Every structure is written in structure tokens, then in C-alpha cells.
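> First, the structure itself, so that you have it in front of you.
There are 2 protein chains.
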Amino acid sequence: MAIFFATFTKPTMARKEPDGQIADTGNPYSIGVFNYAHQGKKMAKGITKRSEDYSQWYLDVIAQAKLADHAPVRGCMVIRPNGYAIWERMQAELDRMFKESGHVNAYFPLFIPESYLKKEAEHVEGFAPECAMVTHGGGKKLEEPLVVRPTSETVVWSMYKDWIQSYRDLPLLINQWANVVRWEMRTRLFLRTMEFLWQEGHTAHATAEEAQEETLRILGIYKRFAEEFMAMPVLTGVKTEKERFAGAINTYAIEAMMQDKRALQAGTSHNLGQNFAKAFEVMFQSESGSREYVWATSWGVSTRLIGGLIMSHSDDNGLVVPPKLAPLQVVVVPIWKSDDEKSAVMQKIDGLTASWKDKFRYKIDDRDNYRPGWKFNEWEKQGVPIRIEMGPKDLESGEVVLVRRDTGEKERISQDRITEETETRLTAMQQSLFDTALALRENNTFEVDDYDELKERLNGEGGFFRVHWNGKRDSEDRLQAETKATIRVMNPDEPEEAGKCIVTGEPSKRRVVVAKAY
Amino acid sequence: MAIFFATFTKPTMARKEPDGQIADTGNPYSIGVFNYAHQGKKMAKGITKRSEDYSQWYLDVIAQAKLADHAPVRGCMVIRPNGYAIWERMQAELDRMFKESGHVNAYFPLFIPESYLKKEAEHVEGFAPECAMVTHGGGKKLEEPLVVRPTSETVVWSMYKDWIQSYRDLPLLINQWANVVRWEMRTRLFLRTMEFLWQEGHTAHATAEEAQEETLRILGIYKRFAEEFMAMPVLTGVKTEKERFAGAINTYAIEAMMQDKRALQAGTSHNLGQNFAKAFEVMFQSESGSREYVWATSWGVSTRLIGGLIMSHSDDNGLVVPPKLAPLQVVVVPIWKSDDEKSAVMQKIDGLTASWKDKFRYKIDDRDNYRPGWKFNEWEKQGVPIRIEMGPKDLESGEVVLVRRDTGEKERISQDRITEETETRLTAMQQSLFDTALALRENNTFEVDDYDELKERLNGEGGFFRVHWNGKRDSEDRLQAETKATIRVMNPDEPEEAGKCIVTGEPSKRRVVVAKAY
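If you want it as C-alpha cells, here you go:
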């Protein structure tokens, strides 16, 4: 076992919150101190069972797959190579989708003058409490403190003022990949960290209609990415005013159900109206010669997606990654006892995989200093979709053993068909992960009309609850206070349905989705 | 002219320094205030001639090609889409080279506890004076201030302590793409900014030899990238102790000559010895069972490379980008007077470029609201390597006009050979840019043995001067104080040559390269 745990020495830094959620320990300013938390009962793999402690399971999966680690500064995260490789795959696909829809990348600065943040009233109210402030630079106190960007609308629109003069400059469709900082008190690897990586799109348009179209176009891209690549089905819809982005006139979101039936907001697309254009005096000359304020959108997804990916598909044996996003899709493990056997097996494997370079992301694990069983375990924990085993006996039989990570199914397949069969399994696994996640959501989405029943079920088996709501802030506040659940999304395209608000009994025209959320 | 300057409205924020260099204006803490500096005598294109004012020319090229802009916070930069697209091309090639040599990417946090920076004595001495400090977060004062990373050795090695236990964990070859902050007083777009983007590699090795090999392997990658992709010839060599990275035992660098004959340090690769392993107590168990400190390297290139690219190849008409890094390699400008003509010309162009999607990065500029002459000018300023013009008369002649950006050469070529000819021109231009830059360096590198002559020529025509130096810090300091030039690199592979130190007359075994530098 010593080898097994060789690189897993820093214990996860976590404690349980009263609501069963997990948060990092330590006071906000403690630095570099790790508390050895109770690790719970773990399998031989070092992973707690989901059924025993879902939160600890999540942290164990991350640790065992070497996805991330806690940084010396509380709430910050180190994304380890295995985790970052998933992020790179996500970035590549999203970046392609953004570019195909006409967006270009740029880079805006990390530091924003405090006065800029204050120019949009709602925006500063929403973000000021969670800002990190730079007060000293080069050994001197600054006259005006600088905000470490929590999001970049204000600095972007201060530049757009110079870049946009005429309708010819519109639409302006810019995205950036960057780090942002929000001073969070309760953090959780990937899901909520003080610093995180994300993309933030900032677009400028000549009309309200175009801005709304863009907002929904991006929502569509996010949904397609989540479902086609992450195999994570999502609901789309609009957020309530309470949950809206600070400074937006409407926020749309994609929401997924995790395996513990909690909701995860996985991406948001905001229609900002003319709020930021007015705050930063960004006007353009229209084709007819009039001077008008510009219309805006902003939208983002972050490394939180990796948390969503983990909680959508992984199991008690560790990480499961959908083939389309897996940094490594296939691992081939040769088995041998003597050097002669190794060379015969390796020769065969090299031949069989000769055409794979442009087909799969694969690795042949022929390391001498680890045994096959250890390797199986290691790649299983890391979520590699397909494992192929081949030993001296397989040379005679003309077969190999193929194991699918999600089902654990072990098959003997003909060496002649190894490439086709691998391809088929990868496609099947991608679809199967999506189907399983969709079935979970469908089997755990309920229409409920009684408030007591809602409270009981939210605190019992959980799920997504479609309930009537009167659209008022005070009943939303009450719902949240009394159930610890929130309204996740409203679907504006759904036909109206007469009903009674589950909280107040007042008339309601529409159901909303209520769930406990990350 | 109104259209022409439509998107060039923010004046460059620059003043001349006494030594002829340029720096941003404003006191260190002024924010969002732009001084309208004297713009000098410009061509119709809005670009000052190099011969009139090289520094202003540099800023004009950046402004006219829309590469970058000054941010509201002094010394920070906004990288505009045209500039960022070049950075993306650079990243793609470098990232490929790093991965091909076994490196993986990860992400370490932006914030470092102040106490960590202090663990390596030389390191803190070098970096503390230029740090930005976060003292408040979430509305509260922090117990320990956080440093916004100026470089990440300290946080990386604090993690490596947990990740490295055994020789099996080595070598650890990690790179990250990130932003860093150094509180610079005299900034210049791309060349020296308070925040910049870069990659920083941090590797850990079992032996001193392996660390030295890695240091030189990366130096080789940097040289290959600079020469093959940027078409920018570079000298490689080791830095003097004075110029060494704070905490390194040796720093290697690539140095290029800009068109004004100044040197630009374009990338550095450091052998860190065991300094950081000792500071952070990072030991490993060797194959023989002993416990030893780990050996380290770190290395980086930054958005400064874009400044080097601009100053290597651009001319009085604007930006020139080598084809291999050009976001857009070919622009096709159709010419027409009537709608019928447009449709005939466009039909022909679509046919001729049908096979181009996987061959070139190209664009057909068929915008109605700009005239061809305006388009020629615009793409010229943006540095697109090849422009192809085609009008109704060319339909009859079966030819097109092809213009190469670097030479301005205008040729009529047969439409049948448009793809091959374009390909040939792109290859030729890449080579020609390199040859021209190499010739500039060779024609302006001199061996000088008289100190007065050196001073005179450094302040006259400039160049790289190969001079004898006794290897002592005090003569290096005197040289710098008296000439404003610095020792750029020493080439340890050069055969020894007996001579006399140009400053002191003391014996010297080797020449070093002295130049004024950015």
C-alpha cells in the first residue's frame, strides 16, 4: 500500500457544515495550516462511498484522481495536471464554438480602479462585499485602491467607450479567458473557490433585439456544450430578480442535477440592457445618424464545470470522464512476467495501435516499476474511459480484454477489430453517461403543490420540484429561509398554467424549478 | 479621413525619457487620466516614421494595428483582439513544443502569502520591491498580506513538497499559462507592463545534471520558436550574476536585436539548483534509498514577445507579421462598381479559394461600406502577409494582383496558380524576414577593444559590441553607469581568447555582448 499512497499525502482540508455541505476549514486569514479532518470510512482505493458521505466522496475523488489541491491561501486551489488537462479540453471545445459564432478573444487587465466598480449602482452592490483589494504597490500605499477583478464589465465598458463610435463598430463580440477573484467564505474545490478560471464574454449591439438574441445564442452554446461534451443534461431558463447578475436586466442559466439531486448552476448568460453603456457613457451613431446607447450582454462558464463533471458521472471507484473530454481516452496495459514476454507483447501492441495517433488520445502504460493491478486501479481512479489489457496468452488467442470505465464491463474482443470496437465503446459510453444522468433527473423531478410536502421532500430524498410561485420577492425569500432551497430557473417558453403559489396560495401562472443547490 | 480614424480615438499615452526611450506618463497612482502627448509628424496612415521617432513609431504601429491599448490603471494593458490573436498563435506553437518534450500544464494560485516569498533569501530581495499587495478581502483587513504573484516559484515549491516523495515522482515537468504582476515604474506596451501574460515552467529533477539539461533544452525550444516562428534571430548565452534571476544559480537567455539596434531579452531559462528545494524542504527518496534535495529549473516567455515581433519586422506602413504567426495570412479584396460586377467577382473568388480552408488562414473582405483603397491600407497596417486584389478586368485576363506585405512587391499571377503562388510567397516571406533581421544583427555586431570607442559607438549608431570583460561585478557596474548599456549574454561554448577587460584593462579570457537594451 505504500506505493499506492505515494503521492497522496496532503489530507483533504474539509469539515462538514450543518446542512451536510462541506467547506474548507480554518479562519479566513489562516494561511498554510491544514487541519487533519476525519477521513471517514474508505474503501481500499481511498475513496469514501457516496452512500456514506457524499461530500467526502467528492473530495476523495478529486484527491485520488489528482485533479486539484488546496493552495496555501485559504479558499484558493491548485489545479493539478490531471484536472487542468480536462479544463484544456473544455476550453478547446468552447473556444471553437465561440469562434464559429463570430467571437474573438482579447485580454482585459486584472486590476480595476475602485471608482470604476461604483459606476453601475447594482453592480457594485453585488460585488463590492466579495472583492480583494490591492492597497500597496512597489512598496507604497496607493492613492486609490485597486479591485482584483471579480468580473470585468466595468473595465471592459470603459474601453468600449473608446472603441465604439459608429454602427460600423457593432456588434462587438469579445471573449476573454482569465482568472477572477471573489472573496468567498465557504469554498469547495472547483465548485466555489476564491480564485477561479473562467471565460467571460462581453458583447455590444446596436439594438435590444440583437442583445437578446446573443444572450440566448450563448445559452444555447452552453447547453450544447454541457450535453454533447460533458454528457450533463441541463435545464435552461431565466433566473428570478433575486438571483439575477448584479447589473443585468435578465440572467439566463443552465442548471444540472448532480448525483445527490442537488442543482448546480453551470453557466450564465446575461442581457445587460443599456445599464453599462449608460454608466460608462458608451454611445454610437446609428445608420440614420442618431446617437444612441449601446446594448450589452455578458456570459461565463468557469472551472466550476469540472466540479459538475465530477458529480455527474463519477462513482465509488473514482473519477469517470466522458470520452469527448477525457484527456486520455484509452489506456493499454501490457502484462508480462519476463523480458521476452514484455517485448513480444509490446511488439504486438505497437502494431495494433499503429493507426491510433489521429484517432484516440491514448497511452501504453509499460512502466516497469508498477504491477498491472496497481495500474488498473490507478487509471480507474483517474477516469480513463477504456482500458485494454493484453498479456502473453492473448498473443495466442488473438484477443484482448477491454474494460469500460462506466459500466466496469469486461469483454474479450478480437485483435483484428480492436480499433473499431474501441471507437464503438467510446461512442456508447458518451451516450450512456448522458442517458443515465438524464434518467436521474427525470426520475427525480416532481410536481408538488403542497408546501409541507415540498419541505419534507426537499429535506428527504431531494430532487427538482416544479412548483407554482406568485413571482414576488417576499415569497421567494420565505421559501428560501424555510426550505434552504432556491428557485433555480423559470422557463418562459412553457405554456401558462393556472395554479396557486406554493408559499402564499396567491394566483400563479407558471411553475418554477425549486431545489437545493451548490 | 473621418472613417479612417474612426476607431483610433484614444491618443497614445507617452512621453520621451531623457535617454530617448519612452515611458507612460502620469504619476504611479494616477488612474484613468490620459495626457494628450505630442503626436509628432505622422504619415497619412497615422504612423510616425522610424527615422523621425522610433519610440513613437512603435506606439503608432500598435495603435493603428489595434494590438493593444492602455488600461485605466497606469502601466496595465488591454490586449485587443488583433494583438491577442497573435498571442494565441504563439501559445499554440509553444504549448505544442512543451508538450512534445514531456511537459504538462497546471494552474497555481494568483495569491501567495507574504511569508512564502521570504523563504528564499535572494528571491524576496529581487521581487519584494515590485510586488502588489492585497491587504483587504471581503471587507476585512487580512492578518497576513497576500502578494499578487510576480512569479510562482514559492507557491509551486510549497506544493511540490507534497507531490514529491520518491524518485518515481521525478522528473516533474509542469508549465502554467498565467498572468503575473510586477510593479514597474516605467512601462511600455507589451515590452514592460505592470501585469503581463506569460508561461512559467517549473520542473523538478533527481540530479543536478538533469536540471542543467532541462535548462538548456528549454533554451533551445525558445531559440527555435523565436527563429522558426517569429523569424527573429537570437543569441543564446548565460547572464552575468548581476542579471541573474533572483534565486537561480544560472540564468540563460535568448537576446534579439531590434531595428533600432537595441537588445531585447525575449526569454529566460533558469537553473535553480537546490535553492528552492532547500527553502521549502522538498526532498525525495532516491533509488538507492537516500534522502536528497530536489533539483529545479524555471523558465518563461511573455507577451513581451509581441513587442519583439513588432520591433523586428514592422515598417513605416505599420505592422508586419511573419506568416507562421499571422492570425490572418491572406486577405482577398474584391473590386467592383456594380452589384453585377460584385457577384461575378465574388463567384470567381469563391471558386479560387474553395480549397483554402485547411491551407491558409484567410479572409475575403467583401464589406460594402468601405472602398478598396481603404481596405488595402487597413490590412497593410495590420500586417497581413499577402493581399490579393481581383476586379472585373481580372475575370477576363485570368489573373489576380498579389501584394507581399514585407516587400510591397506587386505581381500579376495566373488564377490557375493562385494557391501554389500564395503558398510560395508565404514561405518566401517567412524566410526573408528572418534573413533581413539576421543581416541587421550581423552588420551591427562589432568587436571593440577601446573603452572610449565603445562609449562613442553605443551612443552613436549603436549595435551589439563584443568586448572583453574581467568577469567582475564592479567593472560591470561601471560599464553600465558610464554607457547606459549592459552585458546581455556570455557564450560559455565560445573558445577562450586572451584579452584585456575593456573597462579596467585587467586580463580577460572571453568576450561578452554589450548593448543598450529594452
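Protein sequence lines, in the order shown, are assigned to chains A and B. Once you know that position 161 of the first sequence is 160 in numbering that gives the first Met the number 0, the rest is easy, because the numbers rise by one and skip nothing. Once you know that position 60 of the second sequence is 59 in numbering that gives the first Met the number 0, the rest is easy, because the numbers rise by one and skip nothing. Don't be surprised by glycine CBs; every beta carbon is placed ideally from N, CA and C. Computed from a predicted model, the values in this text were never measured in an experiment.
Leaving out the 5 sequence neighbours to the left and right, which residues in its chain are closer than 7 Å to B:Met345 when beta-carbon positions are compared?
Here residue 345 of chain B is taken as the residue at index 346 of the second sequence, counted from 1. Cβ within range, chain order: Pro333, Asp365.
> Residue range of the alpha helix (DSSP H) that B:Asn376 falls in?
Here residue 376 of chain B refers to the residue found at position 377 of the second sequence. Taken as a continuous stretch (DSSP letters only), the alpha helix (DSSP H) holding B:Asn376 covers 371-380.
> Look up B:Phe195 in the DSSP assignment and say whether it is helix, strand or coil.
Translated into the one-based positions of the second sequence, residue 195 of chain B becomes position 196. Here B:Phe195 sits in strand by DSSP.
> Would you decide whether A:Glu379 is buried or exposed? Buried here means 16 or more other CB atoms lie within 10 Å of its CB.
Sequence index remark: in the first sequence, residue 379 of chain A carries index 380 (1-based). The residue is buried, with at least 16 neighbouring Cβ atoms inside 10 Å.
> Less than 8 Å separating the beta-carbons of B:Tyr115 and B:Thr150?
By one-based count along the second sequence, residue 115 of chain B stands at place 116. By one-based count along the second sequence, residue 150 of chain B stands at place 151. No, they are not a contact pair.
> Give the secondary structure of A:His135 by DSSP, where H, G and I count as helix, E and B as strand, and everything else as coil.
The residue given as residue 135 of chain A occupies position 136 in the first sequence. Three-state DSSP puts A:His135 in a strand.
> Give a yes or no on whether the C-beta atoms belonging to B:Ala252 and B:Lys238 are separated by under 8 Å.
Position 253 of the second sequence, counting from 1, holds the residue named residue 252 of chain B. Position 239 of the second sequence, counting from 1, holds the residue named residue 238 of chain B. Yes, they are a contact pair.
> Once DSSP output is grouped into helix, strand and coil, what is the label at A:Trp355?
Counting from one through the first sequence, the residue named residue 355 of chain A turns up at place 356. Coil, per DSSP.
> Would you call the CB atoms of B:Trp156 and B:Ala278 closer than 8 Å?
Here the question's residue 156 of chain B lines up with position 157 in the second sequence. Here the question's residue 278 of chain B lines up with position 279 in the second sequence. Contact flag set, yes.
> For B:Arg261, which residues of its own chain have a beta-carbon under 8 Å away from its beta-carbon, when the five flanking residues on both sides are left out?
Position 262 of the second sequence holds residue 261 of chain B. Closer than 8 Å at Cβ, skipping near neighbours: Gly461, Ala514, Lys515, Ala516, Tyr517.
> Can you find a C-beta in chain A that's less than 8 Å from the C-beta of B:Ile305?
In the second sequence, counting from the first residue as 1, residue 305 of chain B sits at position 306. By this cut-off, B:Ile305 is not an interface position.
> Rounded to whole angstroms, what is the Cα-Cα separation between A:Thr423 and B:Arg79?
For the purposes of this step, residue 423 of chain A is taken as the residue at position 424 of the first sequence. For the purposes of this step, residue 79 of chain B is taken as the residue at position 80 of the second sequence. Distance between the alpha carbons of A:Thr423 and B:Arg79: 43 Å.
> Please give me, in chain order, every unbroken run of the alpha helix (DSSP H) with length at least 4 that falls completely inside the segment 75-141 of chain A.
Segments of the alpha helix (DSSP H) lying fully in the segment 75-141 of chain A: 80-99, 113-116, 120-126.
> By the criterion of Cβ-Cβ separation under 9 Å, what are the contact partners of B:Thr150 in chain A?
On the second sequence, position 151 is the one that residue 150 of chain B refers to. By Cβ distance, chain A contributes nothing, its closest Cβ being about 15 Å from B:Thr150, past 9 Å.
> Does any residue of chain B have a CB that is nearer than 8 Å to the CB of A:Phe375?
Stepping through the first sequence from its first residue, residue 375 of chain A is reached at position 376. Judged by the 8 Å Cβ criterion, A:Phe375 is not in contact with chain B.
> In angstroms with no decimal places, state the Cα-to-Cα distance between A:Ala353 and A:Phe375.
Along the first sequence, read from residue 1 onward, the residue named residue 353 of chain A stands at position 354. Along the first sequence, read from residue 1 onward, the residue named residue 375 of chain A stands at position 376. Rounded to the nearest angstrom, the two C-alpha atoms are 23 Å apart.
> Starting from A:Met76, find everything on chain B with Cβ-Cβ shorter than 9 Å and list it in chain order.
Position 77 of the first sequence, counted from the first residue, corresponds to residue 76 of chain A. Here the neighbours are Tyr106, Pro108.
> Can you find a heavy atom of the ligand NAD that lies under 7 Å from the Cβ of B:Asp448?
Judged by which ligands are present, the structure shown has none, so any question about the ligand NAD falls away.
> What span of residues does the beta strand (DSSP E) with B:Trp56 cover, start to end?
In the second sequence, residue 56 of chain B corresponds to position 57, counting from 1. Segment 53-63 is the alpha helix (DSSP H) holding B:Trp56; no beta strand (DSSP E) there.
> From this set, A:Val147, A:Ala295, A:Phe126, A:Gln258, which residue's C-alpha is nearest A:Ile248's C-alpha?
Within the first sequence, residue 248 of chain A is the residue found at index 249, counting from 1. For the residues A:Val147, A:Ala295, A:Phe126, A:Gln258, the minimum Cα distance to A:Ile248 belongs to A:Ala295.
> If you follow the alpha helix (DSSP H) that A:Glu446 is part of, which residue opens it and which one closes it?
The count along the first sequence starts at 1 and reaches residue 446 of chain A at position 447. Per DSSP, A:Glu446 belongs to no alpha helix (DSSP H); it is in the beta strand (DSSP E), 444-446.
> I'd like the ranges of any alpha helix (DSSP H) spanning at least 4 consecutive residues and lying wholly in the segment 136-221 of chain B.
Fully enclosed alpha helix (DSSP H) runs of 4 or longer: 152-162.
> Quick check: is the beta carbon of B:Gly138 nearer than 8 Å to any beta carbon in chain A?
Position 139 of the second sequence, counting from 1, holds the residue named residue 138 of chain B. Yes, B:Gly138 counts as interfacial toward chain A.
> Give the interface partners of B:Glu194 over in chain D, defined as CB-CB distance under 8 Å, in chain order.
The question asks about chain D, but that chain is absent: this structure's protein chains are A and B.
> Using a beta-carbon distance cut-off of less than 8 Å, what residues from the segment 276-302 of chain B approach chain A?
Correct list: empty, as no residue qualifies.
> Give, in chain order, every unbroken run of the alpha helix (DSSP H) that is at least 4 residues long and sits entirely within the segment 264-343 of chain B.
Segments of the alpha helix (DSSP H) lying fully in the segment 264-343 of chain B: 274-278, 303-312.
> Can you name the residues of chain B whose CB is closer than 9 Å to the CB of A:Ile217?
The count along the first sequence starts at 1 and reaches residue 217 of chain A at position 218. None at all; the shortest Cβ gap to chain B is about 18 Å.
> Note the first and the last residue of the continuous alpha helix (DSSP H) segment covering A:Thr482.
As a position in the first sequence, residue 482 of chain A is number 483, starting the count at 1. Taken as a continuous stretch (DSSP letters only), the alpha helix (DSSP H) holding A:Thr482 covers 472-482.
> Beta-carbon within less than 6 Å of B:Phe97's beta-carbon, same chain only, minus the 5 sequence neighbours each way: which residues are those?
In the second sequence, counting from the first residue as 1, residue 97 of chain B sits at position 98. These residues qualify, in order along the chain: Asn174.
> How far does the alpha helix (DSSP H) with B:Ser396 in it reach, from first residue to last?
Position 397 of the second sequence, counted from the first residue, corresponds to residue 396 of chain B. B:Ser396 -> alpha helix (DSSP H) spans 391-396.
> In its own chain, which residues sit with a C-beta less than 6 Å from the C-beta of A:Gly101, not counting the 5 before and 5 after it?
Taking the first sequence and counting its residues from 1, the one referred to as residue 101 of chain A is at position 102. Cβ within range, chain order: Leu172.
> Taking the straight line between their C-alpha atoms, what separation do you get for B:Phe463 and B:Ile217?
Along the second sequence, read from residue 1 onward, the residue named residue 463 of chain B stands at position 464. Along the second sequence, read from residue 1 onward, the residue named residue 217 of chain B stands at position 218. Straight-line Cα distance between these residues: approximately 24 Å.
> Check whether the segment 103-112 of chain A and the segment 221-234 of chain A are in contact - that is, three or more C-beta pairs closer than 8 Å.
Flag = no, the segment 103-112 of chain A and the segment 221-234 of chain A do not touch.
> The alpha helix (DSSP H) that contains A:Asn458, what's its start and end?
By 1-based counting over the first sequence, the position of residue 458 of chain A is 459. Residues 450-458.
> Going by DSSP, which residues form a beta bridge with B:Val502?
Residue mapping note: residue 502 of chain B aligns to position 503 of the second sequence, counting from 1. Note: B:Val502 sits in no beta bridge, so no partner.
> To the nearest angstrom, how far is it from the Cα of B:Ala131 to the Cα of B:Glu143?
Counted from its first residue, the second sequence places residue 131 of chain B at position 132. Counted from its first residue, the second sequence places residue 143 of chain B at position 144. Their backbone Cα atoms lie some 14 Å apart in a straight line.
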